[in-house]
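Take a look at the structure below.
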């Protein structure tokens, strides 16, 4: 299938700068562009490649100003990354074969209510009283425990394990080997360093449009619910402990962990490998740098870094000095010597 | 089902402070208490809620002193958290339906010895010469490799993968997608930056009453055994490398990792996202703050923090100064100027 | 089966120092050696045990010089760790029963091309147009998505989930519950803090002799490929994001994460719990200390530590001073007082 740069610009409601008839048959990264391919430029780190790429057309920001000659046709749009996402969605729909129907060897408890139009992969397990909405995809080796409810259009990839009583909204995506609803980590210390398990009788509630990355684990509440609100996006290998609440559209990068009963606000952006201790309140719109450790409540809109974390600007100023500590030590030693010399005089 | 506050106090051997006849029909968190619900107060952070909660009864410490009027009936006990755990266990037993019997589509090797009374979920795999004790629960999609032995009453949730030769005690709980017995990470450097795999011919030994959180991975020993002693509790997404030994009742929070051949003592408490390098000896009763990095042996009873970690008090004092480093630098610059001015005079 | 120390030395092309006829029937760690067992000494931390071990023979370096009497027979070789790996391989071949054939209850799509000699465990899933080479082992509960290709002799342990379009070389090993080909974490911010998923239409390419540890996750590329080059070794619970490229024979320890589009060179050694942000270039032969955070490009051969990381020597010098910060603060206060006293005079 081939499209002209003009046709693509029309779809994106952009303007063409260069040959509008150049033919596009595939999509590539800008640094790997070839004749016939379409690329995009959104991250300034890659601007250099626009002058050397072999791509036939490039989606750029409306206000992009070239500093040298560019061979490719430019398609100018208000937001290059978003427009590229739109095109990728078209492309994916063209190349992807949607899964449908029930494969052999599935386990569906007779009491489960399952829409007729779902995909149910081989070796999937659907427990007692489960309710699954329309157009849901349940890939092979998925486990859906008793009393789980799943909304329309949700996609559950191979190997996801959902414990009993979990409530899941519509249009969610869970990647391979996600675990939802495992017991919270609660042990009451007994005499003589023995521990006794605190039963975890709550559940997990996941609202609409939540995406969870491969291998992440979401623990059920001790009592009440662990909650991921609408639009939450979790990357891979993230740990969410019991009774945590994460607000709307908050995004968390890979390998971060949130300890028990902490509430995180909406529209936060949390970097990778961040740790947040339990029983905290993190405000709305908070940004946390990668590898930070959060030991106190955080106010709306704060941007923080460090372990323990504080204001990102202050952290960076302190870290600059950390790198110069041996030098600072020398300066203090030198001062000490001068004072001592003075006092000898 | 309904109980009076007095009936609950009798079960917990506590005393009633307020209306002993108030009716309880459910359990809630103190901040979400409603008429008819029972809550508890153990963490002082939540004390404020005792004056505003709508819960009908609250389990508190014997010596709790109210600073304002409290509407709810108090049930006073020596240890509120423990008593609440007791009640949760009762509650769980009432609401939970225990799994029993063999579901369709299981793989059990003819040489495996499996008690008649176990639960064996659909798509579970039981290999050659496996021995499974009484009242064990094997959920769907569990893999039990050749020669594995499992003690009585152990619960193995969906998707757990246990490699060959692993020995597991009784009353253990392994959450979804735990991996036990994967190869240790051993590669012998060859000429020209090539590596050659060191075969891992040892196994994993897990004693009684061990709990392992979702997605954690326990590698088998190169030779000998990786060992988790009785009562060890591991949270989610923890990595235990080959030939590690973890002592009795040691508790490790989520996303921590222990490198090869390190021995950890008993009754330790290790925070989340801690890393411990290989070939170390960590003593008994050690406490390690979250996100710490351990690069040296640690003596019995030490409490440490930092990466690399040292005494927690010293770490905190250093970190206070780290935050003030730009200020310290200013002070040194100011001193330098003063000395210089003096010398000019 | 029994061997003499001389027979073992012959296999390893080593020389015997002590009784060449002593009989060996098993392998042990040096600190757990017993009569009849063979051990090795490679890590100097364990040298003390050579004087006390009950092992009958010990593999040591050619140039090892004993400081006291040693009871055991020594087998001297150029590289003790490598020789021990050789012996373990012999031992493993003796004790291990290779898996062969097709177990019951597998799902193989009629269009899949699968060599006759592979092992296909129960409940394994092989999708449309999959191609699997000779002597491949596919353990139970493995999922192989549509259009995946797998080279000869690759071993895929229980619960591994491989998404569609992944290309895998020969002689690879993937441990239990590894995920390959999950969607990259790409969301285009929309108005009002909403996010829109960026379709991930690329794939994952894994070359020959790659080993991936249990529970690790490798995301597919947005466009193009996420690539692990020949000989890459990843430990457990590692996260590799979309469009990352990792060079030949690079080794990464457990729980590290690499963010999107970063390219790592060949022959690097990366410690555990390291985080590397996106869009970076890490050179060849780079060494990164455990728990470091990498926020900038790294040149060939650099050795770095810290979060953010810099030269390991400088980091350690700074950290020594970090520990002494309260003391440095005292020294500055003392200087301030002296200057002030001077000025009063």
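Chains as they are written, first to last, in the working numbering: chain H, 392 to 736; chain L, 392 to 736; chain R, 392 to 736.
Heads up, the beta-carbon is just placed ideally off N, CA and C, and yes, glycines get one too.
Helix, strand or coil at residue i according to DSSP, with G and I counted as helix
| i | result |
| --- | --- |
| residue 735 of chain L | helix |
| residue 728 of chain H | helix |
| residue 704 of chain H | helix |
| residue 441 of chain L | helix |
| residue 576 of chain L | coil |
| residue 683 of chain R | coil |
| residue 627 of chain R | coil |
| residue 671 of chain L | coil |
| residue 519 of chain L | coil |
| residue 498 of chain H | strand |
| residue 723 of chain H | helix |
| residue 713 of chain H | helix |
| residue 690 of chain R | coil |
| residue 489 of chain L | coil |
| residue 422 of chain H | helix |
| residue 600 of chain R | coil |
| residue 528 of chain H | strand |
Distance, residue j Cα to residue i Cα
| i | j | result |
| --- | --- | --- |
| residue 436 of chain L | residue 670 of chain H | 8 angstroms |
| residue 540 of chain R | residue 526 of chain L | 42 angstroms |
| residue 704 of chain H | residue 710 of chain H | 10 angstroms |
| residue 420 of chain R | residue 615 of chain L | 7 angstroms |
| residue 744 of chain H | residue 504 of chain L | Coverage of chain H is limited to positions 392 through 736, which leaves residue 744 of chain H absent and any answer about it impossible. |
| residue 444 of chain R | residue 591 of chain L | 22 angstroms |
| residue 676 of chain L | residue 644 of chain L | 15 angstroms |
| residue 518 of chain R | residue 537 of chain R | 5 angstroms |
| residue 607 of chain H | residue 604 of chain L | 12 angstroms |
| residue 512 of chain H | residue 547 of chain H | 10 angstroms |
| residue 509 of chain R | residue 629 of chain R | 28 angstroms |
| residue 554 of chain R | residue 490 of chain H | 13 angstroms |
| residue 658 of chain H | residue 564 of chain R | 40 angstroms |
| residue 442 of chain R | residue 469 of chain R | 21 angstroms |
Span of the alpha helix (DSSP H), counted from its first residue to its last, around residue i
| i | result |
| --- | --- |
| residue 478 of chain L | 471–486 |
| residue 402 of chain R | 396–403 |
CB-CB length for residue i against residue j, believed under 8 angstroms
| i | j | result |
| --- | --- | --- |
| residue 665 of chain L | residue 683 of chain L | 5 angstroms |
| residue 726 of chain H | residue 726 of chain L | 5 angstroms |
| residue 561 of chain H | residue 532 of chain H | Between residue 532 of chain H and residue 561 of chain H the Cβ distance is about 23 angstroms, and since that is not below 8 angstroms, they are no contact. |
| residue 750 of chain L | residue 661 of chain L | Look at the range of chain L in this structure, 392 to 736, and you will see that residue 750 of chain L is not part of it. |
| residue 673 of chain H | residue 656 of chain H | 6 angstroms |
| residue 514 of chain R | residue 516 of chain L | 7 angstroms |
| residue 613 of chain L | residue 636 of chain L | That belief does not hold up - the Cβ atoms of residue 613 of chain L and residue 636 of chain L are roughly 14 angstroms apart, past 8 angstroms. |
| residue 623 of chain H | residue 634 of chain H | That pair is no contact at about 16 angstroms. |
| residue 647 of chain R | residue 611 of chain R | With 8 angstroms as the limit, residue 647 of chain R and residue 611 of chain R do not qualify as a contact, their Cβ atoms being about 19 angstroms apart. |
| residue 428 of chain R | residue 400 of chain R | 16 angstroms between Cβ atoms; not a contact. |
| residue 558 of chain H | residue 594 of chain H | 7 angstroms |
Unbroken beta strand (DSSP E) run spanning residue i, endpoints
| i | result |
| --- | --- |
| residue 586 of chain H | 586–588 |
| residue 609 of chain L | 608–610 |
| residue 747 of chain L | Because chain L spans 392 through 736 in this model, residue 747 of chain L falls outside it and cannot be assessed. |
| residue 431 of chain R | 428–431 |
| residue 696 of chain R | 694–697 |
| residue 452 of chain L | 448–452 |
| residue 594 of chain H | 594–597 |
| residue 464 of chain L | 464–468 |
| residue 617 of chain H | 616–619 |
*Would you call the region 589–601 of chain L and the region 610–627 of chain L in contact, with 3 or more CB pairs under 8 angstroms?*
yes
*Count the CB pairs spanning the region 450–461 of chain L and the region 421–433 of chain L that are closer than 8 angstroms, and state whether there are at least three.*
yes
*Take every Cβ of the region 490–508 of chain H, pair it with every Cβ of the region 467–481 of chain H, and state whether three or more of those distances are shorter than 8 angstroms.*
no
*asked:* Three Cβ pairs or more, each shorter than 8 angstroms: is that satisfied between the region 454–465 of chain R and the region 564–573 of chain L?
replied: no
*asked:* With three or more beta-carbon pairs closer than 8 angstroms as the criterion, would you say the region 392–410 of chain R touches the region 463–476 of chain R?
replied: yes
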